[in-house]
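Below you'll find the structure, written out as structure tokens, and then a few comments.
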Amino acid sequence: MASSSSLLLNANFFKPKAPRVSEENVLYFISKHLDSIIAIELFMASYPDVYRRELNDVYLRLKPIHEDFLNKIFSAKLKQAEKILLANPEFVFLLLTLKGSAKNSRGHTIKGTPLQIAAAALDVGYHDGEEGMVEMLIRHMKKLPNGESIIAKQLKERFPDDYEDHSDTIDKINLSELDIVFHSIKQFDGLTINGTHPKFALDIFLAKQSATNSGLNFSNKSLITSLRFYDKHYIKYDAYHPIINWGAKPARLSFTWSNLIGTLQDSFPDNILLALQQGISHITNEQKHLDRDSKLNIQDLGNDFAFNALGQQAPNHYVKYIQRSGIGIWPPAPSGYDKASPMTKCTTKYFKRKKAVLKEILNEFTKEPKKTSSFRF
């Protein structure tokens, strides 16, 4: 016969346990009342007795999958992202609707739903029939209950009616700050002792850049403006090795290309970096689709990315880019380099087309159809 003490110790064993809530009901509860992974965490901390076991079980399984999904999206890994959706049918609704934080291969972060992150990264197809990350997500979201309404709500939240005006205002401020960097480069004599090194001006410019919670999470205006600045002032000197022909102009050339243009490119999302690595003209002029299977290799981009150019210059930065892009090779003479602006033109064309594609998608889902009068004469 069991002692009274042992019965007391095991009293909880005989208490009736609350019936477990089905996972389906927990998923429904999250979809209706919680909009992000953080919201789930806050709810569990604030109401530990509500769906405690069941909600915790779902959360522990969902969180790593959702985090991996968002990272794949921001890193432009379309096939891998879609595989996660197909492998987790029970979580499809939450994967496509919950907000979270994503990190790409460069360590840049962004918050939002998968669709908001992909749209903010301008990850849309360039060519007709080419599916970008945004198009892939929309294809799956249309299958959700009220899918088109969810798409419209998410896009409207990230791209409100005034997002273009807001972006233009930020660009104007950035370009005025960029003029200070240009002026500093023009005064640069190749040495830090005789005057102000343009790196100081560039550091101040970069420190004033801030991420925005609406529209695109990057700006291409500063890059295009810097490429035009390069074309105007320094492109003809790119035939010379900056160490052999050391002086003011090669030093300004090298700083403009490696430090300024490289740093601006480094701030771009992965799908844009992959296009730069592949060669912009291959996409714009040769009608090739983005090669998402290639590994983003910073070394392949040569001096397109930021590092300290002084003492580490590679000759013919621009020519190397042109050769990789398939635009053509100019004769190795200064006079032949004044027409080496096709890269600027291709890059401008690339962003213009991608923004137009995104605008079409936004108009499709967020613009209310014009009301027509039913009055007849």
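The sequence shown begins at 1257 in this note's numbering and counts up by one.
Built from N, CA and C at the ideal position, the CB exists for glycine as well.
Source: prediction; values computed, not measured.
Identity of the residue in the options nearest residue i by Cα
| i | options | result |
| --- | --- | --- |
| Ser-1470 | Gly-1381, Thr-1425, Phe-1438 | Thr-1425 |
| Leu-1520 | Phe-1330, Tyr-1284, Asn-1553, Asn-1430 | Asn-1430 |
| Asp-1549 | Ala-1531, Asn-1541, Thr-1540 | Ala-1531 |
| Trp-1513 | Ile-1536, Ala-1463, Ile-1441, Leu-1529 | Ile-1441 |
| Ile-1436 | Ile-1394, Thr-1369, Phe-1456 | Phe-1456 |
| Glu-1542 | Tyr-1606, Asp-1487, Ile-1366 | Tyr-1606 |
| Lys-1238 | Tyr-1303, Leu-1472, Asp-1305, Ile-1286 | In the structure as shown, the chain starts at 1257 and stops at 1633, and residue 1238 therefore has no counterpart that could be examined. |
| Ile-1329 | Asp-1291, Tyr-1303, Ala-1374 | Ala-1374 |
| Lys-1477 | His-1538, Ser-1432, Met-1397 | Ser-1432 |
| Leu-1418 | Ala-1377, Lys-1488, Leu-1472 | Here residue 1418 is Asp; the residue named in the question, Leu, does not match the sequence. If we check each option's Cα against that of Asp-1418, Leu-1472 comes out closest. |
| Leu-1342 | Ile-1366, Met-1392, Asn-1619, Leu-1283 | Met-1392 |
| Lys-1544 | Ser-1466, Asp-1384, Lys-1335 | Asp-1384 |
| His-1364 | Lys-1333, Lys-1610, Met-1397, Asn-1327 | Asn-1327 |
| Gly-1368 | Ala-1507, Asp-1547, Thr-1468, Arg-1508 | Thr-1468 |
| Leu-1546 | Lys-1428, Ala-1332, Asp-1427 | Ala-1332 |
| Met-1397 | His-1289, Pro-1345, Leu-1298 | Pro-1345 |
| Lys-1611 | Arg-1395, Leu-1298, Val-1282, Ser-1423 | Ser-1423 |
| Glu-1279 | Arg-1317, Tyr-1303, Ser-1302, Arg-1508 | Arg-1317 |
| Val-1282 | Arg-1508, Ser-1466, Val-1306 | Val-1306 |
| Arg-1395 | Leu-1334, Ser-1466, Lys-1608 | Leu-1334 |
7 Å CB neighbourhood of residue i in its chain, flanking five on each side removed
| i | result |
| --- | --- |
| Glu-1387 | Gly-1381 |
| Phe-1561 | Since pLDDT at Phe-1561 reaches only 33, below the 50 mark, its modelled position is unreliable, and no value is offered. |
| Ala-1552 | Here residue 1552 turns out to be Leu, not Ala, going by the sequence shown. Closer than 7 Å at the Cβ level, and outside the excluded window around Leu-1552, lie Ser-1361, Asp-1526, Leu-1529, Leu-1530, Gln-1533. |
| Phe-1438 | Phe-1485 |
| Phe-1524 | Phe-1474 |
| Pro-1716 | Nothing can be reported for residue 1716: it is not among the residues displayed for the chain, which extend from 1257 to 1633. |
| Asn-1564 | With a pLDDT of 27 at Asn-1564, under the threshold of 50, the modelled position of that residue is not reliable, and no figure is offered here. |
| Ala-1358 | Leu-1326, Asn-1327, Ile-1329, Phe-1330, Thr-1365, Ile-1366, Ile-1373 |
| Lys-1464 | Glu-1433 |
| Leu-1618 | Leu-1411, Phe-1415 |
| Glu-1338 | Met-1392 |
| Ile-1406 | Thr-1353, Met-1397, Leu-1400 |
| Lys-1428 | none |
Residues that residue i bridges to, as DSSP identifies them
| i | result |
| --- | --- |
| Gly-1535 | Its beta-bridge partners do not exist; DSSP assigns none. |
| Ala-1358 | Ile-1366 |
| Ser-1292 | Lys-1355 |
Neighbourhood of residue i by C-beta, 8 Å cutoff - its chain only, sequence neighbours within 5 removed
| i | result |
| --- | --- |
| Thr-1622 | Ala-1408, Leu-1411, Lys-1412, Phe-1415 |
| Met-1300 | Arg-1308, Leu-1311, Asn-1312, Tyr-1315 |
| Lys-1322 | At residue 1322 the sequence reads His, which differs from the Lys that was named. These residues qualify, in order along the chain: Ile-1293, Phe-1347, Leu-1350, Leu-1351, Leu-1354, Gly-1356. |
| Asp-1291 | Thr-1353, Leu-1354, Lys-1355 |
| Leu-1434 | Phe-1461, Ser-1478, Thr-1481, Ser-1482 |
| Lys-1614 | Per the sequence shown, the amino acid found at residue 1614 is Leu instead of Lys. The residues are Ala-1375, Leu-1378, Val-1380, Val-1390. |
| Glu-1420 | Gly-1471 |
Residue i - containing alpha helix (DSSP H), residue span
| i | result |
| --- | --- |
| Ile-1407 | 1403-1414 |
| Lys-1398 | Premise fails: Lys-1398 is in no alpha helix (DSSP H) and is neither H nor E. |
| Asp-1547 | Here Asp-1547 belongs to no alpha helix (DSSP H), and DSSP marks it neither H nor E. |
| Ser-1440 | 1419-1443 |
| Ile-1453 | Note on identity: in this sequence residue 1453 is His, with Ile being the wrong assignment. Element bounds for His-1453: n/a, residue is neither H nor E. |
| Glu-1310 | 1308-1330 |
| Leu-1342 | 1334-1343 |
| Leu-1483 | 1477-1489 |
| Gln-1465 | It is not in any alpha helix (DSSP H) - Gln-1465 carries neither H nor E in the DSSP assignment. |
| Asp-1522 | 1518-1522 |
Run of the beta strand (DSSP E) containing residue i, from where it starts to where it stops
| i | result |
| --- | --- |
| Lys-1367 | 1365-1368 |
is_contact[residue i, chain D] using C-beta, thresh 7 Å
| i | result |
| --- | --- |
| Ala-1374 | Among the protein chains of the structure shown there is no chain D, as only one such chain exists. |
Cut-off 6 Å between Cβ atoms - residues of its own chain near residue i, not counting five sequence neighbours on either side
| i | result |
| --- | --- |
| Ile-1340 | Phe-1325 |
| Thr-1604 | Ile-1480 |
| Glu-1616 | none |
| Cys-1602 | Ile-1536, Ser-1537, Thr-1540 |
| Pro-1272 | Because Pro-1272 sits at a pLDDT of 45, beneath the cut-off of 50, its placement in the model cannot be relied upon, and the point is left open. |
| Leu-1371 | Leu-1393, Gln-1410 |
| Ile-1296 | Leu-1290, Tyr-1315 |
| Glu-1620 | none |
Quiz item: Should the stretch 1387-1405 be called in touch with the stretch 1338-1356, which here means at least 3 C-beta pairs below 8 Å?
Solution: Per the Cβ contact rule, the stretch 1387-1405 is in contact with the stretch 1338-1356 (3 or more Cβ pairs under 8 Å).
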